[in-house]
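Trainee:
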Amino acid sequence: RKEVEQDPGPFNVPEGATVAFNCTYSNSASQSFFWYRQDCRKEPKLLMSVYSSGNEDGRFTAQLNRASQYISLLIRDSKLSDSATYLCVVNSGNKLVFGAGTILRVKS
Amino acid sequence: DAGVIQSPRHEVTEMGQEVTLRCKPISGHNSLFWYRQTMMRGLELLIYFNNNVPIDDSGMPEDRFSAKMPNASFSTLKIQPSEPRDSAVYFCASSFPGTGSGYTFGSGTRLTVV
Numbered sequence: 001r002k003e004v005e006q007d008p009g010p011f012n013v014p015e016g017a018t019v020a021f022n023c024t025y026s027n028s029a030s031q032s033f034f035w036y037r038q039d040c041r042k043e044p045k046l047l048m049s050v051y052s053s054g055n056e057d058g059r060f061t062a063q064l065n066r067a068s069q070y071i072s073l074l075i076r077d078s079k080l081s082d083s084a085t086y087l088c089v090v091n092s093g094n095k096l097v098f099g100a101g102t103i104l105r106v107k108s
Numbered sequence: 001d002a003g004v005i006q007s008p009r010h011e012v013t014e015m016g017q018e019v020t021l022r023c024k025p026i027s028g029h030n031s032l033f034w035y036r037q038t039m040m041r042g043l044e045l046l047i048y049f050n051n052n053v054p055i056d057d058s059g060m061p062e063d064r065f066s067a068k069m070p071n072a073s074f075s076t077l078k079i080q081p082s083e084p085r086d087s088a089v090y091f092c093a094s095s096f097p098g099t100g101s102g103y104t105f106g107s108g109t110r111l112t113v114v
């Protein structure tokens, strides 16, 4: 079983839609959680950290459920520019483990 | 802040040749990571350093791969001899100690071994 699992998608949504991604992780001792965004042929970039109480950054909301060991990312009012791969990231000991990513395509 | 700087951006080499990838981390970041990304396997951690010391190299695929960090501002990843299956994008990332602040990635080196 992979340490971090994500639905690869793709999620094809129209502009303005709300879309949610989930991710599960296997290490119950994990303490650091992030969502990264990766555009085609570019490096991964930090989108947001995920805090226990949930957190919001503009149109993006991240939530953590420690009991079920899953993390979610909600994107409201999707823009064409949101099209990318979203990577769920969790620490395992002293290093970060990246999920394989979920592809989002926002269409006009 | 110049970010994490990697060179070269692209490398095409023949099977059997030696390949050296270079990375300059962000100044002040004590941890440096080398990742490899392919369509099939996603992002894989190859090796990471804390304060220039290799901590975990369990992700290095085999003895053909080696990495060094002679000082806080420079690291290399060497493949000798290279094989077609080494073709991938190699990313370097750096961070402050620990995992709480996430990693900053360089632009990557796209390696093609023919």
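Protein sequence lines correspond, in order, to chains A and B.
According to the working numbering, the first sequence is numbered sequentially starting from 1.
According to the working numbering, the second sequence is numbered sequentially starting from 1.
Cβ atoms here follow ideal geometry from the backbone N, Cα and C, with glycine treated the same way.
(1) Let's test the definition: count the other Cβ atoms within 10 Å of the Cβ of residue 12 of chain A and tell me whether it reaches 16, buried, or not, exposed.
(2) On the CB-based measure, 16 or more other CB atoms within 10 Å of its CB, does residue 19 of chain B come out buried or exposed?
(3) With 8 Å as the limit, tell me which residues of the region 81-104 of chain A have their beta carbon closer than that to any beta carbon of chain B; keep them in chain order.
(4) So, does the CB of residue 43 of chain A fall closer than 8 Å to a CB anywhere in chain B?
(5) Using DSSP with H/G/I as helix, E/B as strand and the rest coil, what is residue 107 of chain B?
(6) Leaving out five residues before and five after residue 25 of chain A in sequence, what residues of the same chain have Cβ atoms less than 6 Å from its Cβ?
(7) Relative to chain B, which residues along the region 17-37 of chain A have a C-beta separation below 7 Å, given in chain order?
(8) For residue 164 of chain A and residue 107 of chain A, which I take to be in contact (beta-carbon distance under 8 Å), what is that distance rounded to the nearest angstrom?
(9) Who are the Cβ neighbours of residue 57 of chain A in its own chain at under 7 Å, not counting the five residues just before and after it?
(10) Could you list which residues in chain C have their beta carbon closer than 9 Å to that of residue 32 of chain B, in chain order?
Mentor: On the basis of the coordinates in this document:
(1) Taking a 10 Å sphere around the C-beta of residue 12 of chain A, we find fewer than 16 other C-beta atoms and assign the residue as exposed.
(2) Counting other Cβ atoms within 10 Å of its Cβ, residue 19 of chain B reaches 16 or more and is therefore classed as buried.
(3) Residues passing the 8 Å Cβ filter: 87, 89, 91, 94, 95, 96, 97, 98, 99, 100, 101.
(4) So yes, residue 43 of chain A belongs to the interface.
(5) In the three-state reduction of the DSSP assignment, residue 107 of chain B falls in the coil class.
(6) Counting only Cβ-Cβ distances below 6 Å, and skipping sequence neighbours, we find 4, 69, 90.
(7) Taking 7 Å as the Cβ-Cβ cut-off against chain B, the residues of the region 17-37 of chain A that qualify are 32, 34.
(8) For chain A, the structure presents residues 1 to 108; residue 164 of chain A sits outside this window and is missing.
(9) Excluding residues up to 5 positions away in sequence, 48 lie with their Cβ nearer than 7 Å to the Cβ of residue 57 of chain A in the same chain.
(10) Here the protein chains are A and B, and chain C is not one of them.
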